[in-house]
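Asker: Residue numbers (our numbering): 3 to 721.
Where a beta carbon is used, it is the ideal one built from N, C-alpha and C, also for glycine.
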């Protein structure tokens, strides 16, 4: 950006302005000498609404001061200032006491910008101001009371010989002859070179007319070149030397069908028009008011329109089709509107098709646009705001001291970080930047999107596809949900979803993962432990909300209202509940599996039929499972298809395969044992009966044996 300072050195590019007498009322003291000028800075830009002190010193032929006065003035909106010499604050002598007949006199002009008066040179007073001398005569043309008439003869006239009025005889011949061809007078009309005057003064169409001392040189003039159809009216002088202002109206410096009026104006171009102080229309068809229209068909008002078809208002348009209003445009079809009056703050468009609007804006890139105190350096770049820069080609910037440096980028906010390649597309360069810096030495970004799609919020540049700062802190403040601290808040602080660096919270809302989707949700191997309700010490850990149904883990059936609960009960046992009713548990002390068997939970209770015969038909087997190719230990059990032939109710279908509830076989075994026990009891009774019968038979045998013994002994006794 351009340095914003202000130059206090002033020059007067338009010289001092027109010097001519103010209206002098008959028989009154003269009012003064009118002074008019345009004040410009050292770059030629008019100083508008600027206070300036001017000191005028009237000097005699020996450069001795005879009168001095000061004026404090303020320029108008065009930089124009005007006053009358003789109406200021006198510092030396009296303006009314000047003896104008003792001339010639010169006027020294000095200005003061606060550092003391600086001379702008001297100007000789033209003949018109000597009407002040005529004022001293204070007489009518018919009043010759103050003229010495001695020595006059009848028929003589008074003639001025350069020093005094002297008697003179009338000429023997005169052009004023009603029958002459050079000058013709008839009925109050005068024709020169024509014998039928149609107006008070009538000349042929190719005649040249001059009111003034000469066609060339300084002085007030009215000049018409009939051969060119060109008119000049105003005043010429050459105050500074080195530039032939006084030759601007010479025949060779006058364009056909042109007009120039004012002070030191020039119209060299065909059909050109120039007016004001130093209005120069050099191009064909050009128009200049207080400026320099150099290009054909160009227009300027207090500026310099150099290019063909260019237009300027207190500005400079260098190339074809340029428009400059209080600014500078250096490219074809460029536009510059606005700017400071000091020249340092002027807006400028330097390349083709560039546009600069506002104060201190600079469009340097081709087809670029700069608005406000901003610069557009890149091709097709756009810059607006306060001291912003669009450095990259096809870039856009707005805000406060932002800079869109990367190619095809957008910068907003204030003091964004400057980085990237301005001329080519680089995937890792920003495409969007929102700055939140505090100064030119402390630039930073609050939001950045790179050209590869990587995005950062709260960081100068992203290191991932989306990087969000957690600078606001945790959403868990003292175990209180604080959604306003969220790094990412979806919804509102009262109804939504909040994220910070290590937390996800639903704000009055449930959180769904893969809702209505068939895709897996997984934590990758080595990804750490998962905890619900607490910091996990294992791969997956749950802290219950209550030691009851619904307080632990629940498994619902697909598209079903059925569910299982697994939870830790008040006895520290692991409970399994189906649809809210406990079905089984694992004892915390012994690890035993306990199945619910309360009578109150059962209906249609019946005794089990005999199972021993069927149980005896079962074929216990040993085997390997097909998917256990690495196992060497054989499994024991039944074959479900074989069991189905004996106990079909004890076989279940799981998918395409059959399964067994082995715990039910313990009940079958108990029933079989009971049946065996009944058989054993019956056998025992029969055995007891047999044993009793055997005892009785033994006793009978023993009794028979005793009687037999007695019988054997009886014969011996009779011998």
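Which value, in whole angstroms, describes the spacing of the CA atoms of residue 265 and residue 201?
Answerer: The sequence position of residue 265 within the chain shown is 263, counting from 1. The sequence position of residue 201 within the chain shown is 199, counting from 1. Cα-Cα distance, rounded: 29 Å.
Asker: With contact counted as at least three CB pairs below 8 Å, one residue from each stretch, are the region 507 to 515 and the region 529 to 546 in contact?
Answerer: They do not touch, by the three-pair rule.
Asker: Using C-beta distances below 8 Å, list every residue in its chain close to residue 454, excluding the 5 sequence neighbours before and after it, in chain order.
Answerer: Against the chain shown, residue 454 aligns to sequence position 452. So the list reads 429, 430, once near-sequence residues are dropped.
Asker: Considering only residues of the same chain and omitting the five flanking positions on each side of residue 471, which have a CB-CB separation below 7 Å?
Answerer: For this step, residue 471 is matched to residue 469 along the chain shown. So the list reads 459, 460, 461, 489, once near-sequence residues are dropped.
Asker: Assign residue 492 to one of two classes, buried (16 or more other C-beta atoms within 10 Å of its C-beta) or exposed (fewer than that).
Answerer: To locate residue 492, count along the chain shown from 1; it is residue 490. It counts as exposed.
Asker: According to DSSP, is residue 697 part of a helix, a strand, or is it coil?
Answerer: For the purposes of this step, residue 697 is identified with residue 695 of the chain shown, where counting begins at 1. The answer is helix: DSSP assigns residue 697 an H, G or I state.
Asker: If you draw a straight line from the alpha carbon of residue 474 to that of residue 487, how long is it in whole angstroms?
Answerer: Residue 474 sits at position 472 when you count from the first residue of the chain shown. Residue 487 sits at position 485 when you count from the first residue of the chain shown. Roughly 5 Å between the two C-alpha positions.
Asker: Going straight from the alpha carbon of residue 335 to that of residue 378, what length do you get?
Answerer: Looking up residue 335 in the chain shown gives position 333. Looking up residue 378 in the chain shown gives position 376. Roughly 16 Å separates the two Cα atoms.
Asker: Go through its chain and collect everything with a Cβ distance to residue 56's Cβ below 6 Å, but skip five positions before and after it.
Answerer: The residue labelled residue 56 in the question sits at position 54 within the chain shown. Excluding sequence neighbours, residue 56 sits near 73, 113.
Asker: My understanding is that residue 354 touches residue 333, with C-beta atoms under 8 Å, so please give their C-beta distance in whole angstroms.
Answerer: In the chain shown, counting from the first residue as 1, residue 354 sits at position 352. In the chain shown, counting from the first residue as 1, residue 333 sits at position 331. That belief holds up - the Cβ atoms of residue 354 and residue 333 are roughly 4 Å apart, short of 8 Å.
Asker: Name the residue from 444, 434, 396, 398 whose alpha carbon lies nearest to the alpha carbon of residue 417.
Answerer: In the chain shown, residue 417 corresponds to position 415, counting from 1. Nearest option by C-alpha distance: 444.
Asker: Of the choices 569, 522, 557, whose alpha-carbon is the least far from that of residue 545?
Answerer: Indexing the chain shown from 1 puts residue 545 at position 543. Taking only the C-alpha atoms, the option nearest residue 545 is 569.
Asker: Who are the near neighbours of residue 218 in its chain, counting only those whose CB is closer than 8 Å to its CB and skipping five residues on each side?
Answerer: Residue 218 sits at position 216 when you count from the first residue of the chain shown. 248, 249, 251, 252.
Asker: Report the partner residues of residue 653 according to the DSSP bridge assignment.
Answerer: Within the chain shown, numbered from 1, the residue matching residue 653 stands at position 651. According to DSSP, residue 653 bridges with 662.
Asker: Which class does residue 234 belong to by DSSP, given the choice of helix, strand or coil?
Answerer: Counting from one through the chain shown, the residue named residue 234 turns up at place 232. Reduced to three states, the DSSP call for residue 234 is strand.
Asker: Reducing DSSP to helix, strand and coil, say where residue 673 ends up.
Answerer: Reading the chain shown from its first residue, position 671 is the one you call residue 673. If DSSP states are grouped into helix, strand and coil, residue 673 belongs with the helices.
Asker: Starting from the N-terminal side, write out each stretch of the beta strand (DSSP E) that is 3 residues or longer and does not extend beyond the region 593 to 661.
Answerer: Whole beta strand (DSSP E) segments, 3+ residues: 595 to 597, 623 to 625, 637 to 639, 653 to 656.
Asker: What's the C-alpha gap between residue 17 and residue 124?
Answerer: Counting from one through the chain shown, the residue named residue 17 turns up at place 15. Counting from one through the chain shown, the residue named residue 124 turns up at place 122. For residue 17, the predicted structure reports a pLDDT of 35, less than 50, and the residue's modelled location is therefore unreliable. A value from the coordinates is still provided. Distance between the alpha carbons of residue 17 and residue 124: 10 Å.
Asker: Mapping DSSP to helix, strand and coil, what is residue 715?
Answerer: For the purposes of this step, residue 715 is taken as residue 713 along the chain shown, with counting starting at 1. DSSP places residue 715 in helix when its eight states are reduced to three.
Asker: Does the Cβ of residue 190 have 16 or more other Cβ atoms within 10 Å, making it buried, or fewer, making it exposed?
Answerer: Position 188 of the chain shown holds residue 190. Under this definition residue 190 is an exposed residue.
Asker: What three-state label does DSSP hand residue 689 in the structure shown?
Answerer: In the chain shown, counting from the first residue as 1, residue 689 sits at position 687. Looking at residue 689 - three-state DSSP - the assignment turns out to be helix.
Asker: For residue 260, count neighbouring C-beta atoms within 10 Å of its own C-beta (all shown protein chains included) and say buried if the count is 16 or more, exposed if not.
Answerer: As a first step, residue 260 must be located in the chain shown, where it is residue number 258. Buried, because 16 or more other Cβ atoms sit within 10 Å of the Cβ of residue 260.
Asker: Counting Cβ pairs, one atom from each stretch, are 3 or more of them under 8 Å apart for the region 78 to 86 and the region 38 to 55?
Answerer: Taking 8 Å as the limit for Cβ pairs, the verdict is that the region 38 to 55 does touch the region 78 to 86.
Asker: Would you say residue 670 reaches chain C, if we count a Cβ-Cβ gap shorter than 8 Å as a contact?
Answerer: Among the chains of the structure shown, chain C does not appear; only one protein chain is present.
Asker: Which one or two residues does DSSP pair with residue 84 in a beta bridge?
Answerer: In the chain shown, the residue the question calls residue 84 occupies position 82. DSSP output for residue 84 lists 38 as bridge partner(s).
Asker: Let me check one thing: in DSSP terms, what residues is residue 70 bridge-paired to?
Answerer: Numbered from 1 along the chain shown, position 68 holds the residue referred to as residue 70. According to DSSP, residue 70 bridges with 59, 94.
Asker: Determine contact between the region 579 to 591 and the region 556 to 571, defined as no fewer than three beta-carbon pairs at a distance below 8 Å.
Answerer: In short, these stretches touch, since the Cβ pair count reaches three.
Asker: Among the residues of its own chain, which have a CB less than 7 Å from the CB of residue 305, if the five just before and after it don't count?
Answerer: For the purposes of this step, residue 305 is taken as residue 303 along the chain shown, with counting starting at 1. Correct list, in chain order: 293, 314, 315, 316, 317, 318, 326.
Asker: Would you kindly work out how many angstroms separate the C-alpha atoms of residue 275 and residue 268, rounded to a whole number?
Answerer: Position 273 of the chain shown holds residue 275. Position 266 of the chain shown holds residue 268. Distance between the alpha carbons of residue 275 and residue 268 is about 8 Å.
Asker: Roughly how many angstroms lie between the CA atoms of residue 106 and residue 35, to the nearest whole one?
Answerer: As a working mapping, residue 106 is identified with position 104 in the chain shown. As a working mapping, residue 35 is identified with position 33 in the chain shown. Whole-angstrom Cα-Cα distance: 15 Å.
Asker: Counting pairs of beta carbons, one from the region 620 to 631 and one from the region 682 to 691, are three or more of them closer than 8 Å?
Answerer: These segments do not touch.
Asker: Going by other Cβ atoms of all chains shown within 10 Å of its Cβ, with 16 needed for buried, is residue 452 buried or exposed?
Answerer: Numbered from 1 along the chain shown, position 450 holds the residue referred to as residue 452. By the neighbour-count rule (16 or more Cβ atoms within 10 Å), residue 452 is buried.
Asker: Does the Cβ of residue 604 have 16 or more other Cβ atoms within 10 Å, making it buried, or fewer, making it exposed?
Answerer: Here residue 604 refers to the residue found at position 602 when the chain shown is read from its first residue. Label assigned to residue 604: exposed.
Asker: May I ask which residues mark the beginning and end of the beta strand (DSSP E) holding residue 109?
Answerer: Translated into the one-based positions of the chain shown, residue 109 becomes position 107. Unbroken beta strand (DSSP E) run through residue 109: 108 to 114.
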